[in-house]
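Worksheet: one structure, shown below.
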Amino acid sequence: MENKNLREEIIRRSGVNPLKCMRCGKCSGTCPAYDEMEYHPHQFVYMVETGDIEPLMNSKSLYKCLTCFACVDRCPRGVEPAKLIESVRLSVIRQQGNNHLNTDTIPDIIDEEMPQQAIVTALRKYNK
Amino acid sequence: MQRIGVFVCWCGSNIAGTVDVQAVAEALKTEPGVVFSTNYQYMCSQAGQDIMKQAIKEHNLTGVVVCSCSPRMHETTFRKTAAAAGLNPYMVEIANIREQCSWVHKDMPTGTEKAIILGKAAIAKVNLNTPLTPGESPVTKRALVIGGGIAGIQTALDIADAGFEVDIVEKKPTIGGKMAQIDKTFPTLDCAACILTPKMVDVAQNEKIRIFSYAEVTDVKGFVGNFTATIKKKARYVKEDVCTGCGICTEKCPQKKVPNEFNLGMDNRRAVYIPFAQAVPKVATIDPDHCTMLKTGKCGVCAKVCTAGAIDYTQKDEFIEENYGAIVVATGYNPISMDKFDEFAYNQSKDVITSLEYERLMNAAGPTAGKLLRPSDGKHPHTIVFVQCVGSRCSACDEKGKEYCSKICCMYTAKHAMLTRDKYPDTDVYVFYIDVRTPGKSFDEFYRRAVEDYGVHYIKGMVGKVMPEGDQLKVRASDLLANKQINIDADLVVLAAAIEPDKSARPLATMLTASMDTNDFFTEAHPKLRPVESPTAGVFLSGACQGPRDIPETVAQAGAAASKVIGLLAKDKLTCNPCVASSNEIMCNGCSSCANVCPYGAITYVEKEFRQPDRTTLVRRVASVNEAVCQGCGCCTVVCPSGAMDLKGFANNQIMSEVDAICK
Amino acid sequence: MQIENKKPLIVAFCCNWCSYAGADLAGNNRLNYPAEVKIIRVPCSCRVNPMFILRAFQRGADGVILCGCHPGDCHYTSGNYYTRRRMALLFSMLDYLGIERDRTRVEWVSAAEGAKFAATMNDFVEKVTALGENKRLEDLRCKK
Chain A
312 MENKNLREEI IRRSGVNPLK CMRCGKCSGT CPAYDEMEYH PHQFVYMVET GDIEPLMNSK
372 SLYKCLTCFA CVDRCPRGVE PAKLIESVRL SVIRQQGNNH LNTDTIPDII DEEMPQQAIV
432 TALRKYNK
Chain B
499 MQRIGVFVCW CGSNIAGTVD VQAVAEALKT EPGVVFSTNY QYMCSQAGQD IMKQAIKEHN
559 LTGVVVCSCS PRMHETTFRK TAAAAGLNPY MVEIANIREQ CSWVHKDMPT GTEKAIILGK
619 AAIAKVNLNT PLTPGESPVT KRALVIGGGI AGIQTALDIA DAGFEVDIVE KKPTIGGKMA
679 QIDKTFPTLD CAACILTPKM VDVAQNEKIR IFSYAEVTDV KGFVGNFTAT IKKKARYVKE
739 DVCTGCGICT EKCPQKKVPN EFNLGMDNRR AVYIPFAQAV PKVATIDPDH CTMLKTGKCG
799 VCAKVCTAGA IDYTQKDEFI EENYGAIVVA TGYNPISMDK FDEFAYNQSK DVITSLEYER
859 LMNAAGPTAG KLLRPSDGKH PHTIVFVQCV GSRCSACDEK GKEYCSKICC MYTAKHAMLT
919 RDKYPDTDVY VFYIDVRTPG KSFDEFYRRA VEDYGVHYIK GMVGKVMPEG DQLKVRASDL
979 LANKQINIDA DLVVLAAAIE PDKSARPLAT MLTASMDTND FFTEAHPKLR PVESPTAGVF
1039 LSGACQGPRD IPETVAQAGA AASKVIGLLA KDKLTCNPCV ASSNEIMCNG CSSCANVCPY
1099 GAITYVEKEF RQPDRTTLVR RVASVNEAVC QGCGCCTVVC PSGAMDLKGF ANNQIMSEVD
1159 AICK
Chain C
698 MQIENKKPLI VAFCCNWCSY AGADLAGNNR LNYPAEVKII RVPCSCRVNP MFILRAFQRG
758 ADGVILCGCH PGDCHYTSGN YYTRRRMALL FSMLDYLGIE RDRTRVEWVS AAEGAKFAAT
818 MNDFVEKVTA LGENKRLEDL RCKK
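Protein chains in written order, with this note's numbering: chain A, 312 to 439; chain B, 499 to 1162; chain C, 698 to 841.
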C-alpha cells in the first residue's frame, strides 16, 4: 500500500503517465549514459508503472541520468522518462528528511566525485 | 378531422404481462379522432395485419396508431400493411409500449398508465400527420473515380465490366499510383509491375473507361445520382491524341537536371518526360517549371524532333464539366515527410532513405537498374539497418508523427530484408521493431521465413540516433530483450515511414461534403456494416484514402465499392426519404440561417415572384430544399427565425402535440 | 404548506439513431427505470427546438432530458454539435429564470449503451424528484 502511494506520488509529481509507454525502447536507444546505468530508461518507466520503486531508489542509476532530455525529445509516445527519473530522485531526497541542505553550504560540500546531476538537482531544489 | 384506428398488441405476454392491453384500448377509444380501437395477440402476424387492413377499409381510417414494439422493429411492416389497404404509409405511427414500457416497468398499473400516455401522444401526432409521397430522382448512369492507383483502377474496371461508363481522374501524368513504384509485393513476392501493368492496359483499352490523366477535380455539385463535377485538365503542352509515346523528345530535351519524382528524386529526368515505360496513357508531358521554352521562349527542341507534331507550347488548362451518378474516392496515401525526424539524420545523409526509396533502389527500372547501391557514393552496402514505426504509433500530442499504426510497414520491411539477403548474401540486415504485426493470410509465415531462412536479424528495440560519420552511419539503438545498448556501423539506413492520406483529400472531402477523421482519412458510413460507403449518399471509398491498407485489401475494397456503385447505377430512379425539410415560402425571409447549418448543402435559394395584396408582384429570395439531398435531420428547422422551415413527418406542431399529450 | 407526493413528469427527447435505439436496448435487457420517463422520438437531437422544452415546462413537466449520439458519431455528421451549443445557451437562460440546472440535461447515449440509458434515467429522475414539482414555469392556464 505504501508502495502504491509512492508510485502515485512519483507519477503526480512528474506529471508523467507511464501507461502511455508502448515499450519501444527508443529512450534507451538514445540514452548517452546507458552503459553507466544499472536500470535503463525504459526499465525505469516500466518499474514505476508496476510500482517496483524501491530498487530504483536504491540504485546509483538515478544519478547517472544527465537530464539531457534526449529521451524526452525522442519518445514517440510523449512519456518523458527523464522527468520520471527526476521525480524518483526527489523521492529519495525527501525521504532523507526534507530540506536538509542550505544553499550557502553547497559550495563547501561540492567534491570532485559528486555527479554533476546531483549538484544541478540540489541547486534547482534549494536555490529558491 | 382524422379517422384514427388504434391497434394494441399483446406481443404474447411481452406486453400483456405488464400492460392491461384491454384497458389501453378502451382508454384510447375516447381520444379525439379515434373511431376504432382494438387489441390483438400478435399485431405483426398475418392475422393481425389482416385485422388492420379490414379495419382501415371498414371504418374508412385515415390514420393508424399501433401500440406495439419499437418502431425500429416493425414500423416498416405496419406501413406496408397500411399501404396494402390503400392508406398512405406515412399515416402510421407506433407507440412503443414494449421496449420502452412493458419491458422496463414491473407493475401493471404503472405500465398501463404509461402505455395509455404513449398511445395518446401517438394519436396526437397522427392527428397532424399528412400523407407523404417519397420523391424520385433520376440516376446518371456514369461513375467518376478520383484517383488512378490500384484502388481506382480496380474500381473502374469492375464498374465498366457491369456495362457502365467510368471516368478516372488522376493528377499525375499516368495512372498506376504507388503500386507502379513498388518492386515486389508481399507475401508472394510477385513483381508489382507484372500484375499492375496488364490492368493499366485493360483500363486504357476498355471502351467504357475514359482516363483524365494530369487532371484534377476542382468542383463537385449535386447529389446522389446527379453529381456534376468540374475536371481541370492541366496543360501538358503535348497533344494527347497526337503523341505516339515514342519518347524521342524525352531523349533530346537539353534540360537534363530535373529531379525525377517517380524515382523520388534519386535520379534526374528531362523537362519533357514520360514517367515510366509502361505509363498509361503513354504520352509525354512538359514540366512547365523546368522547360526552357515555356520559361524563356528559347529552345523548342522537342517540337523540332517530334515527328508527329504533338508538341503545343500554347496549350492552356482545360475545364470539363461532366455528370455522374456516383463518385468513388480513391486518392490513396503518401509516406510522411522525414524532415522533422532529426535523430535519423534523413536530411544529413543521402544514405538514410525511406522504404519507398529503397523500393526504387531494388527495382530493375529504378535509378540503379535494380542493383543495390548506396545513393551517396554508389558503393554496395554491407550493413543495412531497417527502422520500423518511424512516425507511426506516436502519441496524439506528438506533432512529428501519426497516432495510428501504418499497417503495411512490418510486411514490406520483412520483404525488403528478405529480398536483400536473398540477392546479396554478403549483407548483414538488421530490423529494429517494436512489435511485428503480421495479421494476414500467409503474413506471419512470411516474416518467420525472413528470420529463419534468410537470417535477417530482428532486434526488439528502437533506434535512438543515427550519426553520419565519414562514409558510415553510426546507429545507436537498444536491444530490449538483451537489455543492451547496441551500436552498429551501417552503410545504409532504411526508415519505414508512416503513411498519411494524400494532401488532395481534405479539399476533396469539402467539395463532396464527405466526412473525415482527425487524420484526414475518409470516414465510412458504418465501420462494420457499410465500410465502403461514405456517409454522404452516392460517394464511395476505395483504398488507402480510408485508412492504411495493403494491396489485397485495397483490391477487395475496390471491388466492394464498385459493387455498391453498380447497385446504385443499375437503378433508373432513386426513391428519397419523404421525411425531409420543407420551407414555407410565404414565411421565409431568405436569411440563409438554414443553409449555413445544413450538413448536406441541401438548401439553395431561389428568386421567386410573390403576388402582393395590392396585386403588384414582389421578387423575393426564398429557401428551397432539394429533397433528394436532404436527409431529414431537422437542424435547419430550429435555426429558422421565422419558423418557415419545417420537417415533414416530424413537424413542429406534431412534436409539440406529443409534448402536450404527455404533459396533460 | 402541504408536502406533495406527486410523481414527477419527465419528457425525454431521443434521437432516432443512437439514443432511441439505446432506450430500446435498455428494454431488451430489461433494465428498469422509472415510468415517469416518457420518450419522444426525433430524427436527430438537433431537431429539438428549444421551444419544445419550454413548452414541456409550461405544460407542467418537471424535467426534460435530451439524448443524442456521442459527439462525432452523429448520424447526420454534425447535428449533435448544434444541440450541444443550443442547449448550453438554453439551459443558462433557464438557470437565469430560476429553473434548477438539475431539471434539464443533455446526455450522449449510443445505440449500444442500454445500461447507460437506464442509469441516466434513474439518476435524472432521482434528481428531479428531489427538486420537487416545477412550479416556476408551469402555466396554470394549461391546467384542466
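Every residue, glycine too, gets a C-beta built ideally from N, C-alpha and C. Keep in mind that this is a model prediction, so the values were computed, not measured.
Are the C-beta of residue 508 of chain B and some C-beta of chain C separated by less than 7 angstroms? no
Checking 7 angstroms against the spacing of the C-beta atoms, do residue 763 of chain C and residue 742 of chain C come in under that value? yes
Below 8 angstroms, how does it come out for the stretch 1030 to 1040 of chain B and the stretch 1057 to 1066 of chain B: are there three or more Cβ pairs, yes or no? yes
Tell me the DSSP bridge mates of residue 720 of chain B? B:725
Distance, residue 500 of chain B Cα to residue 542 of chain B Cα: 24 angstroms
Taking 7 angstroms as the cut-off, decide whether the C-beta atoms of residue 553 of chain B and residue 534 of chain B are in contact. yes
With DSSP run on the structure shown, which of helix, strand or coil describes residue 983 of chain B? strand
Near-chain B residues of the stretch 757 to 780 of chain C - C-beta to any C-beta below 7 angstroms: 757, 758, 773, 774, 775, 776 and 779
Exposed unless 16 or more other CB atoms sit within 10 angstroms - verdict on residue 427 of chain A: exposed
Should residue 796 of chain C be labelled buried (16 or more other beta-carbon atoms within 10 Å of its own) or exposed? buried
Using a Cβ-Cβ cut-off of less than 8 angstroms, give me the residues of the stretch 326 to 357 of chain A that come near chain B, in sequence order. 331, 333, 334, 335, 336, 337, 338, 339, 340, 341, 342, 345, 346, 351, 353 and 354
Tell me which same chain residues have a C-beta within less than 8 angstroms of the C-beta of residue 755 of chain C, skipping the five on either side of it? 834, 835, 836 and 839
Other residues of its chain near residue 604 of chain B: CB distance less than 6 angstroms, five sequence neighbours each side excluded: none
Where the beta strand (DSSP E) containing residue 735 of chain C begins and where it ends: 734 to 739
Going along chain B, which residues have a C-beta under 9 angstroms from residue 392 of chain A? Within chain B, no residue comes near residue 392 of chain A; the closest Cβ sits about 12 angstroms away, beyond 9 angstroms.
For residue 1045 of chain B, which residues of its own chain have a beta-carbon under 7 angstroms away from its beta-carbon, when the five flanking residues on both sides are left out? 1019
To the nearest angstrom, how far is the alpha carbon of residue 1091 of chain B from that of residue 736 of chain C? 29 angstroms
Suppose you measure from the CA of residue 731 of chain C to the CA of residue 404 of chain A; what does that come to, to the nearest Å? 57 angstroms
Would you list the residues sitting across from residue 899 of chain B in a DSSP beta bridge? In DSSP, residue 899 of chain B forms no bridge with anything.
Restricting to Cα atoms, I'd like to know which of B:1106, B:1124 and B:952 is closest to residue 1076 of chain B. B:1124
List the whole-angstrom C-beta distance separating residue 893 of chain B from residue 331 of chain A, where the pair is believed to meet the contact cut-off of C-beta under 8 angstroms. 6 angstroms
C-alpha distance - residue 747 of chain C paired with residue 828 of chain C, whole-angstrom precision: 22 angstroms
Let me check understanding here. Comparing Cα to Cα, which of C:749, C:832, C:768 and C:738 lies closest to residue 1150 of chain B? C:749
Test item: CB-CB of residue 740 of chain B and residue 806 of chain B under 7 angstroms: yes
Residue 745 of chain C to residue 780 of chain C, Cα distance in whole Å? 8 angstroms
Show which residues of chain B have a CB atom less than 9 angstroms away from the CB atom of residue 366 of chain A. Chain B residues near residue 366 of chain A: none, gap ~14 angstroms exceeds 9 angstroms.
At a Cβ cut of 8 angstroms, what residues of the stretch 780 to 808 of chain C count as close to chain B, listed as they run along the chain? 783
Starting from residue 879 of chain B, follow the beta strand (DSSP E) in both directions and report where the run begins and ends. Counting along the chain, residue 879 of chain B falls outside any beta strand (DSSP E), and DSSP gives it neither H nor E.
Residue 590 of chain B, buried or exposed, once every other Cβ within 10 Å from all chains shown has been counted against 16: buried
I want to know whether the stretch 981 to 993 of chain B touches the stretch 876 to 886 of chain B - three or more CB-CB distances under 8 angstroms. yes
Taking the C-alpha atoms as reference points, what is the distance between residue 967 of chain B and residue 1033 of chain B? 53 angstroms
What does the alpha-carbon distance come out to for the pair residue 1088 of chain B and residue 713 of chain C? 30 angstroms
Does the distance from the CB of residue 1134 of chain B to the CB of residue 1095 of chain B come in under 7 angstroms? yes
Let me check understanding here. Comparing Cα to Cα, which of B:924, B:691, B:959 and B:926 lies closest to residue 934 of chain B? B:959
How would you call residue 1152 of chain B, buried or exposed, if buried means at least 16 neighbouring beta carbons within 10 angstroms? buried
Anyone know if the C-beta pair for residue 667 of chain B and residue 713 of chain B falls short of 7 angstroms? yes
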